[in-house]
Amino acid sequence: MSTPLRLWLAAEPGYLPHYSHAQQIIGTTILATIATITVLTFIIIRIIQRRRDRERSNRRRR
Numbered sequence: 000m001s002t003p004l005r006l007w008l009a010a011e012p013g014y015l016p017h018y019s020h021a022q023q024i025i026g027t028t029i030l031a032t033i034a035t036i037t038v039l040t041f042i043i044i045r046i047i048q049r050r051r052d053r054e055r056s057n058r059r060r061r
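Start counting the sequence shown at 0; every next residue gets the next number (numbering that gives the first Met the number 0).
Structural data, given as structure tokens:
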């Protein structure tokens, strides 16, 4: 196993670690969970912002 000169060359054969099937599934599950939480957080923030904007515009009309 050789040490790459630069970190971005680290993908040469035999250098990257080999993960078991279970580790790959767990890693993929964790990444998918993080992505889902990020998307849901963004959606919730947008809903809250829209409600606030609607309430402000309704107050101005009164």
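Backbone N, C-alpha and C fix where the C-beta goes; we use that ideal spot for every residue, glycine too.
**Report entry** Beta-carbon contacts of L30 that lie in its chain and below 7 Å, excluding the five residues immediately before and after
**Finding:** Cβ contact annotation for L30 (same chain, cutoff 7 Å, sequence separation greater than five): none.
**Report entry** Start-to-end residues for the alpha helix (DSSP H) that takes in H17
**Finding:** For H17, there is no enclosing alpha helix (DSSP H), as DSSP gives it neither H nor E.
Report task. State the Cα-Cα distance for the pair T32 and I46, rounded to the nearest angstrom. Result -> A direct Cα-Cα distance of roughly 21 Å separates T32 from I46.
Query raised in the report: Taking just the CA atoms, how far does L39 sit from S56?
Result: Cα-Cα distance, rounded: 26 Å.
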